[in-house]
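Residue numbering for the sequence shown is 1 to 182, as defined by the UniProt record's numbering.
Even for Gly, the Cβ is constructed at its ideal location relative to N, Cα and C.
Remarks on the structure that follows.
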Amino acid sequence: MEHIIEILKSGGTILYPTDTIWGIGCDATNTEAVNKIFDIKKREKNKSMIILVESEKRLQDLVDVPEMAWEIIDLSEKPVTIVYENPRGLPKELLAEDGSIGIRLVKNDFCKKLITKLNKPLVSTSANFSGEKSPLRFSDISPEMIKLVDYAVEEDRDKVSKYSGSSVIKIWSDNRIKVLRE
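Structure (structure tokens):
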């Protein structure tokens, strides 16, 4: 774990298991690292990425959380990413064109521990090249992709995710909601 934290703190990128699929991640507050991920994925810069947080406090440090968001987080059986307006302290490169950001409060123990030790939110985007199938297990990740990141986490490499992604729901400050992905 300490080695992974050193890599992330120095602006590195990792492949890691999340509460859904395998992801590529970096320190979400490091603009250079965020740009590295866009380059690795061959992803257009206008396509935003989501971030993971491990606690309600960190979520509240980044965004004003509408009451409806808490209800959805509490009631959702599947991992849920909520798109919030007006985030604080994040590079503009991470944000959608309208300035919003998708954030998932993770329940996965490995991710919680990693984010707690890093003490910053973590970028999470699928560990595949844009347009390819999302990896449900480590063996689904392209060998080329593995070579492009600074480190591939050893944890849970044999595990197959039961989720091919999270639900994505946009919530405005006035509690209007829109389901972007079920």
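Let me see if you follow: with CB-CB separation under 8 angstroms, is residue i close to chain D or not?
{"i": "T18", "result": "In the structure shown, chain D cannot be found, because there is only a single protein chain."}
Assign residue i to buried or exposed, taking buried as 16 or more other Cβ atoms, counted over all protein chains shown, within 10 Å of its Cβ.
{"i": "G89", "result": "exposed"}
{"i": "M1", "result": "exposed"}
{"i": "S139", "result": "exposed"}
{"i": "V34", "result": "buried"}
{"i": "G99", "result": "exposed"}
{"i": "S48", "result": "buried"}
{"i": "L59", "result": "buried"}
{"i": "S130", "result": "exposed"}
{"i": "K41", "result": "buried"}
{"i": "D27", "result": "buried"}
{"i": "N128", "result": "buried"}
{"i": "S166", "result": "buried"}
Opposite residue i in the DSSP bridges: which residues?
{"i": "A152", "result": "L15"}
{"i": "G51", "result": "This sequence places Ile at residue 51; Gly is not what is there. I103, V123."}
{"i": "K170", "result": "V83, K178"}
Report the rounded CA-to-CA distance for residue i versus residue j, giving the unit in angstroms.
{"i": "T125", "j": "G23", "result": "5 angstroms"}
{"i": "K133", "j": "L122", "result": "22 angstroms"}
{"i": "L136", "j": "W172", "result": "31 angstroms"}
{"i": "M145", "j": "G25", "result": "13 angstroms"}
{"i": "K36", "j": "K45", "result": "11 angstroms"}
{"i": "L62", "j": "E56", "result": "10 angstroms"}
{"i": "S10", "j": "R157", "result": "24 angstroms"}
{"i": "R104", "j": "R181", "result": "14 angstroms"}
{"i": "I4", "j": "G12", "result": "9 angstroms"}
{"i": "W70", "j": "P17", "result": "25 angstroms"}
{"i": "E97", "j": "V160", "result": "33 angstroms"}
{"i": "E54", "j": "K117", "result": "10 angstroms"}
{"i": "I14", "j": "K92", "result": "21 angstroms"}
{"i": "L148", "j": "D109", "result": "26 angstroms"}
Mapping DSSP to helix, strand and coil, what is residue i?
{"i": "S139", "result": "helix"}
{"i": "A96", "result": "coil"}
{"i": "F110", "result": "helix"}
{"i": "R43", "result": "coil"}
{"i": "D61", "result": "helix"}
{"i": "D158", "result": "coil"}
{"i": "L8", "result": "helix"}
{"i": "M1", "result": "coil"}
{"i": "E132", "result": "coil"}
{"i": "K117", "result": "helix"}
{"i": "L75", "result": "helix"}
**Q.** Runs of alpha helix (DSSP H) lying entirely within the stretch 14 to 41, each at least 4 residues, in chain order
**A.** 31 to 41
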